[in-house]
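Reviewing the structure listed below.
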Amino acid sequence: MKQQMKIAILSAVAVLMHVVSFAQCSICSKTASQLGEEAGRGLNGGILYLAAAPFLIISYIGYRWWKNNQD
88 MKQQMKIAIL
98 SAVAVLMHVV
108 SFAQCSICSK
118 TASQLGEEAG
128 RGLNGGILYL
138 AAAPFLIISY
148 IGYRWWKNNQ
158 D
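Counting from 88, one number per residue, gives the positions in the sequence shown under the numbering used here.
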């Protein structure tokens, strides 16, 4: 039960962090503001696309580790 609660809390945090994921570094925000609305959205999408691969890899490694230690 405790483990299910931890998973539920972590899932909720991951969903709520979606809003924070649209934050940008100062250089990216300046570039996006100069490009305009549509290009800025494209830049945001590109940043999120590039950030997704490391998160997926880390998630897969964590899942495999969790499955192997689950005795």
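We put the CB at the ideal spot given by N, CA and C, even for glycine.
Inter-residue distance for Leu122 and Ala138 is about 21 Å (C-alpha atoms, whole angstroms). Only residues of its own chain outside the window of five on either side were considered, and among them Gln111, Ala126, Gly127, Leu130, Asn131 have a CB closer than 8 Å to the CB of Ala119, listed in chain order.
Cβ atoms of Ile96 and Cys115 stay farther apart than 8 Å, at about 31 Å. Residue range 89-103 is occupied by the alpha helix (DSSP H) that includes Gln91.
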